[in-house]
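FYI, my numbering numbers position 47 of the sequence shown as 47, with every residue one higher than the one before it.
Below is one structure, written out as structure tokens; the observations come after it.
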Amino acid sequence: MNVSLQSLIAPLVALSREAGAAIEVIGHGALDTQQKVDDSPVTAADLAAHRVLVRGLASIGSRDWPILSEESASIPWSERRLWSTYWLVDPLDGTKEFIRGSDQYTVNVALIDRNLPVLGVIEKPRTGEVWIGEPARGAWYQSSGDGDWEALQVRSHRPLRIVVSRFHRGATTRRLIESLGDVEVEELGSSLKCCRVAEGLADLYPRFGPTSEWDTAAAQAVLEGAGGHLVDCESWKALRYNTGDSLLNPAFVACASLSGAWRDVWTD
1 MNVSLQSLIA PLVALSREAG AAIEVIGHGA LDTQQKVDDS PVTAADLAAH RVLVRGLASI
61 GSRDWPILSE ESASIPWSER RLWSTYWLVD PLDGTKEFIR GSDQYTVNVA LIDRNLPVLG
121 VIEKPRTGEV WIGEPARGAW YQSSGDGDWE ALQVRSHRPL RIVVSRFHRG ATTRRLIESL
181 GDVEVEELGS SLKCCRVAEG LADLYPRFGP TSEWDTAAAQ AVLEGAGGHL VDCESWKALR
241 YNTGDSLLNP AFVACASLSG AWRDVWTD
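Here you go:
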């Protein structure tokens, strides 16, 4: 990949803000909701942000980089298997949060190179907050469009701080929390859970239920840039992308550290 990742950051942030603005223009009142194949909702806001991203990404980086979006996930493996570098985006991560009027939804954009995220941008449309991550160089946070960029660094806490999904806290997650004993638990939506770990405000985000690759790629770049990890629960290696026909992730954990008391409980 003969492109400077640093040169992509400013246009990606601007594009993510444009997609977020498209979501906010449509607003929560225009909920022409359909159902996706996995029975999760899709709204006019998802589609509007998708159009903004697809149009804008065509002029960022290389025109040869394909775009895989949650709203265009039907591209067959026979075609995707030829990709080395491509964009992986979720135009509106946290559609359920958006529908219920929460502000916990994001625009996620990641650049994948040889099956790993090398750059990620997450924008929170309601507040204008942005998180960016380049695993090889670092991660940063901006509270608003004209604010300073703050470097992100994970850190550990006592008691352990765990973030969980508002809508997808299953029995396995509940058992893990119970077995860990004295922990603080926070519910969040969308990729904001991984952002919380990257900010150094939480230790752990476990996810045992189904997620798709566009749900995690940008967040993984941010978290790894901040010194954290997003690994599958079997190999304890970083999630990889576009490795087969399925676009579903395995069970995973986003964490500040791969060691600690939680790991001992996890592997018992």
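The C-beta atom is built at its ideal place from N, Cα and C for all residues, glycine as well.
### Task
Locate the alpha helix (DSSP H) running through ALA48, then write down its first and last residues.
The sequence position of residue 48 within the sequence shown is 48, counting from 1. First-last of the alpha helix (DSSP H) with ALA48: 44 to 57.
### Task
Could you have a look at ALA14 and say whether DSSP puts it in helix, strand or coil?
Indexing the sequence shown from 1 puts residue 14 at position 14. Note: ALA14 maps to helix in three-state DSSP.
### Query
Since GLY145 and ALA139 are thought to touch, with beta carbons under 8 Å apart, how far apart are those beta carbons, to the nearest angstrom?
Counted from its first residue, the sequence shown places residue 145 at position 145. Counted from its first residue, the sequence shown places residue 139 at position 139. With a Cβ gap of about 19 Å, GLY145 and ALA139 do not count as contacting.
### Query
Based on Cα-Cα distance, which residue from TYR141, THR211, VAL130 and GLN220 lies nearest to GLU18?
Against the sequence shown, residue 18 aligns to sequence position 18. Minimum Cα distance to GLU18 is reached at VAL130.
### Message
When you compare the CB positions of TRP149 and LEU204, do they come within less than 7 Å of one another, or not?
### Response
For the purposes of this step, residue 149 is taken as residue 149 along the sequence shown, with counting starting at 1. For the purposes of this step, residue 204 is taken as residue 204 along the sequence shown, with counting starting at 1. No. Outside cutoff.
### Query
What residues are listed by DSSP as bridge partners for ILE122?
Translated into positions along the sequence shown, residue 122 becomes position 122. BP columns for ILE122 point to ASN108 and TRP131.
### Query
When we look at the beta-carbon of GLU123 and count the other beta-carbons within 10 Å, is it buried (16 or more) or exposed?
For the purposes of this step, residue 123 is identified with residue 123 of the sequence shown, where counting begins at 1. GLU123 is buried by the Cβ-count criterion.
### Message
Taking contact to mean 3 or more Cβ pairs, one atom from each stretch, closer than 8 Å, check whether the stretch 190 to 205 and the stretch 78 to 88 are in contact.
### Response
no
### Query
Going by the CB atoms, is the gap between ASP90 and ASN108 shorter than 7 Å?
Within the sequence shown, the letter at position 108 stands for residue 108. Within the sequence shown, the letter at position 90 stands for residue 90. In contact: ASN108 and ASP90 (Cβ atoms closer than 7 Å).
### Message
Alpha carbons only, please: which of ALA110, ALA238, VAL121 and ASP103 is nearest the one belonging to ARG166?
### Response
As a working note, residue 166 is residue 166 in the sequence shown. Here the closest residue by C-alpha is ASP103.
### Query
Can you tell me the Cα-Cα spacing of CYS255 and GLY244, whole angstroms?
As a working mapping, residue 255 is identified with position 255 in the sequence shown. As a working mapping, residue 244 is identified with position 244 in the sequence shown. Between CYS255 and GLY244, the C-alpha separation is close to 26 Å.
### Task
Indicate whether CYS206 and VAL154 have their beta-carbon atoms separated by less than 7 Å.
On the sequence shown, residue 206 is found 206 positions in, with the first residue counted as 1. On the sequence shown, residue 154 is found 154 positions in, with the first residue counted as 1. One point to set straight first is that residue 206 is Pro, not Cys, in the sequence displayed. Not closer than 7 Å, so no.
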